[in-house]
Amino acid sequence: MDIFVKSFKSIIITFSIIILFAWISCTSVVRDSDNTKEAAWTIKMFSKDQGNWLSVENKTLYVDFMEEWAWTIRNIRYLGDEIVGEYGAHGSVVRVDTGIGPKDYYYIGTSHGHEKVKSYSILVDGKKQQYKSGSTCSGKKVIIRKESNLGPFDHKMEITFPDSANYIIEKHSYKVVEDLNERFSFLFAFMHELNKEFGCWLAVLADGNELQGDLLKREKGRISLGRDIKTVVFYSQMMKKGVTLVYPQVYKGAGKLKVEIKNGSTEHFGTSIVDMNIGNSKLYFRPEVKKKRYKVGDTFEYSIKVVPFSAEPDEWKTKGKKLAVFNTEKE
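In the working numbering, the protein residues as written are -15 to 315.
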C-alpha cells in the first residue's frame, strides 16, 4: 500500500510540474505575442488643400510628407514643438546651369519642381501598404521609400522610423545618368528648415574639436559653420528642446560659389547653416561631387540621423553629444 501511495504522489508531483511548465510556456508565448502587437508608429494618410499627405507619428515624434513636393518631409515635431517647419524645402536638390550668366540656372527637387517621382512606397514591418487617403495603419518599424529623377541623377530616398522610436534616419542614394561636366553645378544632399528658436549650435569636427555659435541675432544671408563635420547639435532655450544631427562618417563637402564668399569667411561650404531671415535657419549639406569624377552609371549615397531631445540649458551640450551615435545594427 505504501508503495502505491508513494507512486501515486510521484505521479501527481510529476504531472504538476508538467502543468506548471506548460503554463509558463503559454504565458511566455502570450507575452511575446502581446509585445509584437505593441506598435511604435502610427501612419496616417490624408488630404489637405495642397493634396495628399502622409504622417508617421508616436507619442513623442511626428513627421509628415507632402506629395505635391515630391513626397519630401514638411514637418518634424517633438513633444508638440516644431523642430523642422514649413519654411521651405527639405531633402535632396540639384542645381543645374543653363548658361554662363549669374542667373542662368535652376534647381531640381522638392518644392523647386522638375523632380520626376517614379515610385513611392510605405513599408510597415516589412509589408508594403497602399496609399489611400483616410487610411490609418501602425507598426513597429516604418520605412518610406521614393525613387525619382533629379536631372543628372536617378535618386532613391529612404526614411527609416526604427522600432526604438526616438529618431529617424534619412538616406539618399544617387546614380549618375548623364555627363556631370555638362550642366551639373552642385547637389544638396540634405536640407533641414530649423525653427528660428534654435539659436545655440555646437558642431563636432573630424578631429574631435568643437565649434559653437548663436543664431538668434539674425543676419540675412549669413553662412555659419561651413565645415566638414561628424555632428551638429542645435538647442532652444525657450523650448528646452534640442536636435542632434549625426552622419555615419565625416563626409567631404564642396566649396562655396564665388557669390557666397564674403570677406573673412571660409571658401568651404560642406555643412553650413544659412540664415534666411524668414523665421528660420536652414542646415545644408553640400557634398563634393565634381572632384570625385563620377562617370555615368556610378552610384553614391549619404545618410543622416536626426534625434530630437529635451534638456535643461546647462545639460543640452552633454546630452546632444551623447546622442551622436550612428549605429544601425539593431534597426
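Just so it is clear, CB atoms sit at the ideal spot from N, CA and C, and this is done for glycine as well.
Quick check: what's the CA-CA separation for residue i versus residue j?
| i | j | result |
| --- | --- | --- |
| ARG277 | THR283 | 12 Å |
| GLN113 | SER208 | 41 Å |
| ALA238 | TYR90 | 19 Å |
| SER119 | PHE218 | 35 Å |
| VAL227 | VAL68 | 10 Å |
| LYS246 | HIS156 | 31 Å |
| GLN34 | ARG58 | 12 Å |
| HIS252 | PRO232 | 21 Å |
| LYS201 | VAL108 | 43 Å |
| PHE174 | LYS236 | 14 Å |
| THR250 | LYS111 | 47 Å |
| LYS303 | LYS279 | 42 Å |
| PHE269 | ILE92 | 16 Å |
| MET127 | SER148 | It should be pointed out that residue 127 corresponds to Ile in this sequence rather than to Met. Approximately 14 Å between the Cα atoms of the pair. |
Would you decide whether residue i is buried or exposed? Buried here means 16 or more other CB atoms lie within 10 Å of its CB.
| i | result |
| --- | --- |
| ASN264 | buried |
| GLU285 | exposed |
| PRO292 | buried |
| GLY254 | buried |
| GLU296 | exposed |
| GLY64 | exposed |
| GLY144 | Before going further, note that residue 144 is Thr rather than Gly in the sequence given. Buried: at least 16 other Cβ atoms inside 10 Å. |
| VAL394 | Look at the range of the chain in this structure, -15 to 315, and you will see that residue 394 is not part of it. |
Between the beta-carbon of residue i and the beta-carbon of residue j, is there less than 8 Å?
| i | j | result |
| --- | --- | --- |
| VAL161 | LEU229 | no |
| LYS116 | MET50 | no |
| VAL319 | TRP37 | Residue 319 lies beyond the stretch modelled for the chain, which goes from -15 to 315, so this question has no answer here. |
| ILE27 | VAL40 | yes |
| TYR71 | GLU177 | yes |
| GLY210 | ASP259 | no |
| VAL188 | LYS305 | yes |
| SER103 | TRP25 | no |
| LYS159 | PRO146 | no |
| SER294 | LYS240 | no |
Keeping to the same chain, check which residues put their C-beta closer than 6 Å to that of residue i; ignore five residues upstream and five downstream.
| i | result |
| --- | --- |
| VAL234 | ALA190, ASP212, LYS214 |
| ARG129 | SER105, GLU142 |
| ASN133 | LYS100 |
| GLU154 | ILE143, ILE288 |
Leaving aside the five residues before and after residue i along the sequence, list all residues of the same chain whose C-beta is less than 8 Å from its C-beta, in chain order.
| i | result |
| --- | --- |
| ASP198 | GLY183, CYS184, TRP185 |
Between residue i and the rest of its own chain, which residues show a CB-CB distance below 7 Å, the 5 nearest in sequence each way excluded?
| i | result |
| --- | --- |
| THR94 | TRP53, ALA54, THR56, ALA73, HIS74, GLY75, VAL77 |
| ASP81 | ASP88, TYR89, ARG167, SER169 |
| ARG61 | TYR46, ILE67 |
| TYR151 | LYS289, VAL290, VAL291 |
Any contact of the region 158 to 175 with the region 134 to 142, i.e. 3+ C-beta pairs under 8 Å?
As far as the Cβ criterion goes, the region 158 to 175 touches the region 134 to 142, which means the pair count is three or higher.
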